[in-house]
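Report on one structure; see the data block that follows.
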Amino acid sequence: MAFGILHFGFLITALIVTVCIIVLLNRYFSTKSSLTLAFTIFLMAYVISAYVYFARGLFDLQSAGDIALWKVTNIMYPLMVVPLFIFLGYPYLIEKEGTMIALIMKLAMLYSFIISVFNFIIIGIADVQWTYDDPYGLSHYALTLIQIPYVYYITLILVVSIAFFSVILLALAFRRETDPFFKTRTLLLLIGWLSVFLGQLLLLSPTLAIVQPMVAIPGVILIAIGVIRPRS
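Read in order, the letters of the sequence shown correspond to residues 821 to 1052 in the numbering used here.
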């Protein structure tokens, strides 16, 4: 076993997210809200990733088990961002049907699907190369493929681009919304999504990775509050 402080940080994150999922599922079963379902699916993918990060502590650094679980976390990234983007983008697609905006939205959704398939294929065929061990007990790796230089960073950039699409859609929704209740809800979802998004990017830093749970947890809580807060 090679548990470090970051593994336990992910365990705390996973437990808090699990509570949020239970609350959201309870709300969904009573309201059948598509918004609640969409963010619940996102949090389910996120919590799987967090538990997998914790489980990596069961294996020695750079061992086969650690590498296999690292690949699982990379598989989860598209599953976190693509369904949420499609949910957020679909209303724009319907509203703007027949316009250039609708065409752009269709192309963006097609792009997100292609990127997901591309990433899954790369994860399946690429070799895994150790890059460094951070001070907090986590080994870091990169996917390598002779035919595609820097393929790992390409896959990350592509996933980040889809996550950024969701940021744009939430920002547009916040700008357009006039009802104070829904405007506040959208703001909470936007800030929460940005916080979770930033937290994942921090994992790329050998020194800042330790603050990932402290950035991501508030984001998850804000998302849950944004979804379940009642209208007064």
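The C-beta atom is built at its ideal place from N, Cα and C for all residues, glycine as well.
Straight-line gap, Val979 to Ala1029 (C-alpha atoms, nearest Å) = 19 Å
ask   = Going straight from the alpha carbon of Leu878 to that of Phe823, what length do you get?
value = 7 Å
ask   = Helix, strand or coil: how does DSSP classify Ser959 here?
value = Here Ser959 sits in strand by DSSP.
query = Using a Cβ-Cβ cut-off of 7 Å (strictly less than) and excluding sequence neighbours within five positions of Gly1046, which residues of its own chain qualify?
reply = Correct list, in chain order: Arg1005, Leu1008, Leu1009, Gly1012.
Close-in-space but distant-in-sequence residues of the same chain around Tyr871 (CB under 6 Å, 5 per side omitted) = Ala834
ask   = Val839: which of Phe940, Tyr912, Val1040 sits nearest, CA to CA?
value = Among Phe940, Tyr912, Val1040, the Cα nearest to that of Val839 is on Val1040.
ask   = Alpha carbon to alpha carbon, how far is Leu992 from Ser883?
value = Taking the straight line joining both Cα atoms gives about 45 Å.
ask   = Given a threshold of 16 other Cβ atoms within 10 Å of its Cβ, counted over all protein chains shown, does Tyr970 qualify as buried or as exposed?
value = Counting every other CB atom within 10 Å of its CB across the protein chains shown gives Tyr970 a total below 16, marking it as exposed.
request  = Please report the residue range of the beta strand (DSSP E) in which Tyr952 lies.
outcome  = 947-953
query = Near Leu989, which residues of its chain fall below 8 Å by C-beta distance, leaving aside the five closest residues on each side in sequence?
reply = Phe905, Leu908, Gly909, Tyr912
message = Please list the terminal residues of the continuous alpha helix (DSSP H) segment that includes Glu915.
response = 884-915
key: Between the CA atoms of Gln967 and Gly885 - distance to the nearest angstrom   = 26 Å
ask   = Cα separation between Phe933 and Asn939?
value = 10 Å
query = According to DSSP, is Thr964 helix, strand or coil?
reply = Of the three classes helix, strand and coil, the one that applies to Thr964 here is strand, per DSSP.
ask   = In its own chain, which residues sit with a C-beta less than 6 Å from the C-beta of Leu1018, not counting the 5 before and 5 after it?
value = Val1035
task = Would you mind sorting Asn846 into buried or exposed? The rule is 16 or more other CB atoms within 10 Å of its CB.
result = exposed
request  = Would you mind working out which of Pro898, Ile941, Val987, Thr975 sits nearest Ser869, comparing C-alpha positions?
outcome  = Pro898
ask   = If Phe862 and Leu831 are in contact, beta carbons under 8 Å, what's the gap, nearest whole angstrom?
value = Not confirmed; about 20 Å, so no contact.
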